[in-house]
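According to my numbering, the sequence shown holds residues 213 to 514 in order. Even for Gly, the Cβ is constructed at its ideal location relative to N, Cα and C. Data block below; observations after.
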Amino acid sequence: MNLGDRLRKTRDALAFRLGALFGSGSPGFEELEKLEEALLEADLGWKLTEKVIRDLPGLCSSRGVGMREGLALLLESMLPPVPEECRGRELRVIMTVGVNGSGKTTTVARLAAMYRNLGHMTMMACADTFRAAAGEQLALWGRKLDIPVVVRSEGTDPGAVAYDAVASARARGFQRLILDTAGRLPNRKDLLDELSKIHRVTGKALEGAPHEVLLVLDGSVGQNALPQAEGFSRAVPVTGLVVTKLDGTAKGGAVFAMAHETGFPIRYIGTGEGCDDFSVFDPVQFTRALVGLPDQGGTVIR
Ligand SMILES: Nc1nc2c(ncn2[C@@H]2O[C@H](COP(=O)(O)OP(=O)(O)OP(=O)(O)O)[C@@H](O)[C@H]2O)c(=O)[nH]1
Ligand SMILES: [Mg+2]
């Protein structure tokens, strides 16, 4: 299944509905009105939708492209650049944060599998000692993927788990440690303080760690992602976003609003429940898939 198919719901809402509009040449008033409606429905948000409607006609004529190409170019330009994946062999710690059920644990397993497949010695650690069965959930992924997992009993201080996991990864020569944390609401000061502490303690175990803090967002929350990003970045220095569950929503346009408004690059996307339903985010590929343009020479336009 290609990316366009996995993003089917949003793609259909945007591209399929607009199939008739996407002719060649500059869009007229009526076409723009219908486009506006479709973009709002895909949860692009008012601000970005307005920008598209304002800039699209000019862009189409100055670049000599059709509406579909022009829309792809405009949407791409709203995404912050994605940093290169670090290929270094020294230990890097990656921490996931987010609200309850956003897909953190699944993301930890997927990232661990990705790094292992890139040839890095990888381990996972469960700093969610709050939710019953959180450790078992990660341990299950560990057995399935054959990747070691650090798990401590429920109620253990999550900072202590993080510290021990980093110390153990260092001592055993691991190159990637992916840290899972408990789900929490971004308006709970006590829980955000706990997160700050996990972050701080990790840095004590290894200078510069965690090297990445990934905020995991459920793609279907749409515009509500913005207060989450604000809340979490008050507690920890978020370095990027992971947007999950994009298979189950027609609101994939929110991805652009999330990235544009927060300024955080989108690093990975989840498009299903399996370990493989996960991609490194590629702004061009994603945008083209959403508006129904072929990825590389294929025929996707509908
Ligand atoms: N359809 C779909 N489901 C997903 C995706 N990512 C995660 N899920 C599902 O979402 C549910 C919650 O995922 P978890 O990874 O346990 O979420 P979490 O953030 O760790 O949850 P807490 O630890 O309780 O806060 C599980 O049923 C996952 O299978 C995705 O990209 N698409
Ligand atoms: Mg979890």
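Across the set 323, 304, 240, 310, the C-alpha of 240 shows the shortest separation from the C-alpha of residue 269. For residue 358, the closest C-alpha among the options 335, 342, 400, 345 is that of 335. Below 8 Å, too few C-beta pairs join the segment 338-351 and the segment 425-436 to call them touching: fewer than three.
Sixteen is the threshold: since fewer than 16 other Cβ atoms of the shown chains lie within 10 Å of the Cβ of residue 379, the residue is exposed. Beta-carbon to beta-carbon, residue 222 and residue 464 are separated by about 3 Å, close enough to satisfy the 8 Å threshold.
Distances between the C-beta of residue 457 and the heavy atoms of ligand 1 include at least one below 7 Å.
Within its own chain, the residues whose Cβ lies closer than 6 Å to the Cβ of residue 370, once the five positions on either side in sequence are excluded, are 339, 341, 410, listed in chain order. Within the segment 292-342, the complete beta strand (DSSP E) runs of at least 3 residues fall at 304-309, 334-339.
Three or more beta-carbon pairs separated by less than 8 Å link the segment 439-457 to the segment 300-315, which places the two stretches in contact.
A straight line joining the alpha-carbon of residue 301 with that of residue 498 spans about 29 Å. When secondary structure is reduced to three states using DSSP, residue 256 falls in the coil class, being assigned neither helix nor strand.
Membership of residue 402 in the alpha helix (DSSP H) is indicated by the continuous run 401-417. Straight-line spacing of the CA atoms in residue 299 and residue 390 works out to 15 Å. According to the DSSP assignment, residue 455 belongs to the beta strand (DSSP E) that extends over 452-456.
In this structure, DSSP gives residue 430 an extended state, which the three-state scheme calls strand. Remark: the shortest separation between the CB of residue 483 and any heavy atom of ligand 1 falls under 7 Å.
Note on residue 213: under 16 other CB atoms within 10 angstroms of its CB, so exposed under the neighbour-count rule. Burial state of residue 406 is buried, judged by a 10 Å Cβ sphere holding 16 or more other Cβ atoms. Annotation note: the segment 343-393 contains the following uninterrupted alpha helix (DSSP H) runs of length 4 or greater, listed N- to C-terminal: 346-357, 370-383. A distance criterion of 7 Å places the beta-carbon of residue 428 in contact range of ligand 1, judged by its closest non-hydrogen atom. The C-beta distance from residue 469 to residue 257 rounds to 4 Å, short enough to fall under 8 Å.
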